[in-house]
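Student: One structure, pasted below without further comment.
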Amino acid sequence: LYMIFICYGNPVGGLIMATGKTGLGLIWELTASAVRAAAVLIGCLVSLTAVVWWQFGAAALLSVLSYRILVYRLCGMDWRRFVTPLLPAGVAAALAGGISLLADLLPGGVVVRTAVGLGAGLAVYLALYRLLFRRYFNTYIRYWLVRKASATPAPTEE
-7 LYMIFICYGN
3 PVGGLIMATG
13 KTGLGLIWEL
23 TASAVRAAAV
33 LIGCLVSLTA
43 VVWWQFGAAA
53 LLSVLSYRIL
63 VYRLCGMDWR
73 RFVTPLLPAG
83 VAAALAGGIS
93 LLADLLPGGV
103 VVRTAVGLGA
113 GLAVYLALYR
123 LLFRRYFNTY
133 IRYWLVRKAS
143 ATPAPTEE
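Read in order, the letters of the sequence shown are residues -7 to 150 in this note's numbering.
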């Protein structure tokens, strides 16, 4: 989840360059750096685990701020369109983490718990992606199946 928030909190610099609002990009980077530094400093006062949680909170906050400060101002994209691609991955990551915690009850080591969590997360991700982006998902699956069916063996050297 942390990396998903980091990706959303760091919009493409090409959009800033294309619109000519590089000053806004500089202000954003300075703001984001200050928020991340404050999160680390506050977390350091408590423990290493607190640093991780404060970084997670800062990344989530920066995701929302990046939409409001940059994306909306630069291209006018609405919130729903901005967040929709995040939903399958976010829900799947949260579910995978929760199932990994529940998998502690299973016999076996770290590999078993990780495999169970990742497997469940992947299944939920694909199901949600299929639900939200049905048209794109079906087109991709059809393309993949046609490509597999029409694959010819590589020529052999004689």
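Where is the CB? At the ideal position from N, CA and C, for every residue including glycine.
Computed from a predicted structure; not experimentally measured.
Using 10 angstroms around the beta-carbon of Tyr117, count the other beta-carbons present and answer buried if the total reaches 16, otherwise exposed.
Tutor: buried
Student: Going by DSSP in three states, Leu7 sits in which element: helix, strand or coil?
Tutor: helix
Student: Should Tyr59 go down as buried or exposed, given a rule of 16 or more other Cβ atoms within 10 Å for buried?
Tutor: buried
Student: Looking only at C-alpha atoms, which of Leu78, Val83 and Leu33 sits nearest to Leu110?
Tutor: Val83
Student: Between which residues of its own chain and Arg162 is the CB-CB distance below 6 Å, once the five residues before and five after are set aside?
Tutor: Shown here, the chain extends from -7 to 150; a query on residue 162 therefore has no answer.
Student: Would you kindly check if the distance between the Cβ of Leu87 and the Cβ of Arg113 is under 8 Å?
Tutor: Strictly speaking, residue 113 in this sequence is Gly, with Arg absent from that position. Result yes, Cβ atoms of Gly113 and Leu87 sit closer than 8 Å.
Student: Going by the C-beta, is Ala29 closer than 7 Å to any heavy atom of the ligand PLP?
Tutor: Absence of the ligand PLP from the depicted structure is noted, as is the absence of any ligand whatsoever, leaving it without description.
Student: In three-state terms, what does DSSP make of Thr41?
Tutor: helix
Student: Please identify the residue among Ala24, Ser25, Ile91 and Ile34 whose C-alpha is closest to the C-alpha of Ala115.
Tutor: Ile91
Student: Please identify the residue among Leu79, Leu57, Leu137 and Arg72 whose C-alpha is closest to the C-alpha of Arg122.
Tutor: Residue Leu79 is the option with its Cα nearest to Arg122.
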